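*Asks:* Could you have a look at this structure, given as structure tokens, before my questions?
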Amino acid sequence: MTYRFPDEFWWGSASSAPQMEGASRRDGKSDNIFDYWFSIEPERFHQGIGPAQTSTFYDRFEPDIALLKQLNHNSFRTSISWSRLIPDGTGEVNQQAVAFYNSVFDRLLAEGITPFINLYHFDMPMCMQARGGWESRDVVAAYVRYAGLCFELFGSRIKHWFTFNEPIVPVECGYLGHFHYPCVVDFRRAVTVAYHTALAHAGAVKAFRDAGACGEIGIILNLSPTYPRSDTAEDSQAARWADLLLNKSFLDPALKGSYDPELVALLRQHDLLPEVADGDKAQLMAGRVDWLGINYYQPRRVKAKEQACSGAPRTPEDLFDFYEMPGRKMNPHRGWEIYEKGVYDILTELRLGYGNPRCYISENGMGVEGEERFIGPEGRVEDDYRIDFIRGHLEWLHRASQEGSACCGYHLWTFIDNWSWLNAYKNRYGLVRLDLASQVRTIKKSGYWFAEVARNHGFN
Ligand code: BGP
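Numbers in our numbering are just positions in the sequence shown, counted from 1, shifted up by 25.
In structure tokens:
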């Protein structure tokens, strides 16, 4: 069977400023929350490797963009670092940062690679976190100013923008899961953080349109379909709550400009609603996107709680449980499920339930622990497992497109193995292997394979 995609289909990969730039304390950049956190609790990070140890894109972007070209990318996503561009969060623009980003964008464009630019990838400037982070409305205003400056400074080069990457992650990991800084566990504060992030997103979209900027603006959401364990009313309700809290809480404002009434009722029932100010409703409505990025890694399997939670829920997981479905296909090199059809289910839901918005798969990928085990005699990683992974997802994407989905591209996570939050280099995702000590890059087997798929706009 031949899987052929349109000629204008976007092929590429994604990364982010905090995960690949390095130079985390150079040329005027201030700390983001991860830089700061590493400075006080390095033992939290896998092998004590912090955000300064990257593939040093800041210094090596020219050869790296040549590599992107060799991989036949027609597009590449990265982010701008707020703490590099405006070191004190609200004040002067750092001209060294402007020069750096302009050089990167010029280089990408010169190579025929369209830059997709995201404004925020978990990397709150520490000075803004100290002022309350997303719990503060002042930080929302500061973010909207930062976004407006980016449109002004880089709008002549960048036509494909995103406000946030996976905005639910800082909520889940930072305010519910004790996993990211500031390591708070508080459902009410988490809801406020999510609400303010949605307002910040909407404010940036409005600023983009008010400025008459040309191009398109969207948001990148990690959509994980929630499948109930059974079709009992209890399991179905549990899966519905998980979906509302973890997917729809950002999807609905982004596409419909408002929240699902069932989500509002659930939060009201538990006295979790955030403070709403005059004008918020209109702002959310103005934040509807032109297009959507979808990050998909694995689904969530959900079941009802054995015992319903009596008092107020402390976290969403007081309302439902995740469970390990027997027989599910697992990534043997990392404990995540592989369920390729999830891509099709997401795209079908968007087509049937949300008016088929223009979208693309902005992240999908396979993390592998101990990937050096797969280095073959030629010195490259023989990652057939990654080729199978990508192919499986592309087959389902193709099917969704045949049925009418408006999905217009596929980006793999990631380009070169990159630093990843607490896991550092534990799970490798790249099309290109990074030797951290020597900084040598070696294209993996999947990189050569993906380059051919991108060149041919498909595969057999
Ligand atoms: C996504 C993030 C990426 C990246 C990826 C892999 O959620 O957008 O930044 O980290 O997940 O996750 P991990 O590195 O934790 O395996």
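Glycine residues also receive a C-beta, built at the ideal position from the N, C-alpha and C atoms.
Predicted, not measured: the structure shown is a model, and the values here were computed from it.
#1: Who are the Cβ neighbours of Y454 in its own chain at under 6 Å, not counting the five residues just before and after it?
#2: Give me the Cβ distance between Y321 and I371, rounded to the nearest whole Å; I'm assuming they're in contact under 8 Å.
#3: For ligand 1, I want to know if Y435 counts as a neighbour, meaning its beta carbon is within less than 8 Å of at least one of the ligand's heavy atoms.
#4: Looking only at its chain, what residues have a beta carbon closer than 6 Å to the beta carbon of H423, apart from the 5 residues adjacent to it on each side?
#5: At a cut-off of 8 Å, would you count Q44 as near ligand 1, judging by its Cβ distance to the nearest heavy atom?
#6: Please determine whether the Cβ atom of N320 lies at a distance below 8 Å from any heavy atom of ligand 1.
#7: Using the three-state DSSP reduction, which class does G434 fall into: helix, strand or coil?
#8: Find the nearest neighbour of R85 within the set A48, E66, N99, judged by alpha-carbon distance.
#9: Is any non-hydrogen atom of ligand 1 found closer than 8 Å to the C-beta of Y200, if you look at the structure I gave you?
#10: Could you pull the DSSP bridge partners for E388 from this structure?
#11: Which runs of the alpha helix (DSSP H) spanning at least 4 residues fall entirely within the segment 276-358, listed in chain order?
#12: Looking at C-beta atoms only, is the number of pairs between the segment 335-345 and the segment 260-279 that lie closer than 8 Å three or more?
#13: With a threshold of 16 other CB atoms inside 10 Å of the CB of L377, please say whether the residue is buried or exposed.
#14: State the beta-bridge partners of P253 as determined by DSSP.
#15: Alpha carbon to alpha carbon, how far is H203 from V209?
#16: Look at R326 and E349 and say whether their C-beta atoms are less than 9 Å apart.
#17: Take H185 as the anchor and find which of V314, D89, T115 has the nearest alpha-carbon.
#18: Below 8 Å CB to CB, which residues in the same chain sit around R214 once its five sequence neighbours on both sides are set aside?
#19: Should A124 go down as buried or exposed, given a rule of 16 or more other Cβ atoms within 10 Å for buried?
#20: Please report the straight-line C-alpha distance between H146 and G483, rounded to a whole angstrom.
#21: Take the Cβ of E396 as the centre, count every other Cβ of all protein chains shown within 10 Å, and call the residue buried at 16 or more, exposed below.
#22: Looking only at its chain, what residues have a beta carbon closer than 8 Å to the beta carbon of D163, apart from the 5 residues adjacent to it on each side?
#23: Just to confirm, is the Cβ distance from I138 to G243 under 9 Å?
#24: By DSSP, does I105 sit in helix, in strand, or in coil?
#25: Return yes when the C-beta of G378 is under 8 Å from any heavy atom of ligand 1, and no when it is not.
#26: Thinking C-alpha only, which one of Y435, R353, N443 is nearest I245?
#27: Rounding to the nearest angstrom, what Cα-Cα distance links I74 and R51 in this structure?
#28: Consult DSSP for I183 and reduce its assignment to one of helix, strand or coil.
#29: Quick check on W361: buried or exposed, where buried means 16 or more other Cβ atoms within 10 Å of its Cβ?
#30: Which runs of the alpha helix (DSSP H) spanning at least 4 residues fall entirely within the segment 60-124, listed in chain order?
#31: Near A236, what residues of its chain come up, given a Cβ to Cβ distance below 8 Å and the 5 sequence neighbours on each side ignored?
#32: Measuring straight from C-alpha to C-alpha, what distance separates R109 and I386?
#33: Is S471 helix, strand or coil when you go by DSSP?
#34: Taking only runs of the alpha helix (DSSP H) that begin and end inside the segment 386-465, which ones reach a length of at least 4 residues, in chain order?
#35: Following the continuous alpha helix (DSSP H) through A227, name the residue where it begins and the one where it ends.
#36: Among A166, M26, N190, V118, which has the Cα closest to the Cα of S40?
*Replies:* In this structure, then:
#1: Here the question's residue 454 lines up with position 429 in the sequence shown. Closer than 6 Å at Cβ, skipping near neighbours: G390, G392, W438, T439.
#2: Taking the first residue of the sequence shown as position 1, residue 321 is located at position 296. Taking the first residue of the sequence shown as position 1, residue 371 is located at position 346. That pair is a contact at about 6 Å.
#3: Here residue 435 refers to the residue found at position 410 of the sequence shown. Result no, Cβ not under 8 Å from ligand 1.
#4: Position 398 of the sequence shown, counting from 1, holds the residue named residue 423. Around H423: Y28.
#5: Position 19 of the sequence shown, counted from the start, is the residue given in the question as residue 44. Under cutoff, so the answer is yes.
#6: The residue given as residue 320 occupies position 295 in the sequence shown. It does: the Cβ of N320 is within 8 Å (strictly closer) of some heavy atom of ligand 1.
#7: On the sequence shown, residue 434 is found 409 positions in, with the first residue counted as 1. G434 falls in the strand class under three-state DSSP.
#8: As a working mapping, residue 85 is identified with position 60 in the sequence shown. Among A48, E66, N99, the Cα nearest to that of R85 is on A48.
#9: Counted from its first residue, the sequence shown places residue 200 at position 175. Outside the cutoff, so no.
#10: As a first step, residue 388 is located in the sequence shown; it is residue number 363 there, counting from the start. Looking at the DSSP assignment, E388 forms a beta bridge with N320.
#11: 286-294, 305-311
#12: yes
#13: Working through the sequence shown from its first residue, we reach residue 377 at position 352. Exposed, since its Cβ has fewer than 16 Cβ neighbours within 10 Å.
#14: The residue given as residue 253 occupies position 228 in the sequence shown. DSSP output for P253 lists V327 as bridge partner(s).
#15: Here residue 203 refers to the residue found at position 178 of the sequence shown. Here residue 209 refers to the residue found at position 184 of the sequence shown. Their backbone Cα atoms lie some 6 Å apart in a straight line.
#16: Counted from its first residue, the sequence shown places residue 326 at position 301. Counted from its first residue, the sequence shown places residue 349 at position 324. Yes, the pair counts as a contact, with Cβ atoms nearer than the cut-off.
#17: For the purposes of this step, residue 185 is taken as the residue at position 160 of the sequence shown. Comparing Cα-Cα distances from H185 to each of V314, D89, T115, the minimum goes to V314.
#18: Indexing the sequence shown from 1 puts residue 214 at position 189. Contacts found: E160, Y200.
#19: Reading the sequence shown from its first residue, position 99 is the one you call residue 124. Exposed is the call here.
#20: One-based indexing of the sequence shown puts residue 146 at position 121. One-based indexing of the sequence shown puts residue 483 at position 458. The straight-line gap from Cα to Cα measures roughly 30 Å.
#21: What you label residue 396 is simply residue 371 of the sequence shown in a count that begins at 1. Label assigned to E396: buried.
#22: As a position in the sequence shown, residue 163 is number 138, starting the count at 1. Only R156, G157 meet the Cβ criterion.
#23: Position 113 of the sequence shown, counting from 1, holds the residue named residue 138. Position 218 of the sequence shown, counting from 1, holds the residue named residue 243. For I138 and G243, no; Cβs fall outside 9 Å.
#24: Stepping through the sequence shown from its first residue, residue 105 is reached at position 80. Coil, per DSSP.
#25: Locating residue 378 in the sequence shown gives position 353, counting from the first residue. Checking the Cβ of G378 against ligand 1 gives no.
#26: Residue 245 sits at position 220 when you count from the first residue of the sequence shown. The option with the nearest alpha carbon to I245 is Y435.
#27: Within the sequence shown, residue 74 is the residue found at index 49, counting from 1. Within the sequence shown, residue 51 is the residue found at index 26, counting from 1. Going from the Cα of I74 to the Cα of R51 covers about 18 Å.
#28: For the purposes of this step, residue 183 is taken as the residue at position 158 of the sequence shown. Coil.
#29: The residue labelled residue 361 in the question sits at position 336 within the sequence shown. The residue is exposed, with fewer than 16 neighbouring Cβ atoms inside 10 Å.
#30: 82-95, 107-110
#31: Here residue 236 refers to the residue found at position 211 of the sequence shown. Closer than 8 Å at the Cβ level, and outside the excluded window around A236, lie G173, F176, E177, G180.
#32: Residue mapping note: residue 109 aligns to position 84 of the sequence shown, counting from 1. Residue mapping note: residue 386 aligns to position 361 of the sequence shown, counting from 1. When rounded, the distance between both Cα atoms is 27 Å.
#33: As a working note, residue 471 is residue 446 in the sequence shown. In this structure, S471 counts as helix in the three-state DSSP scheme.
#34: 409-427
#35: As a working mapping, residue 227 is identified with position 202 in the sequence shown. Start and end: 212-235.
#36: Position 15 of the sequence shown, counting from 1, holds the residue named residue 40. If we check each option's Cα against that of S40, N190 comes out closest.
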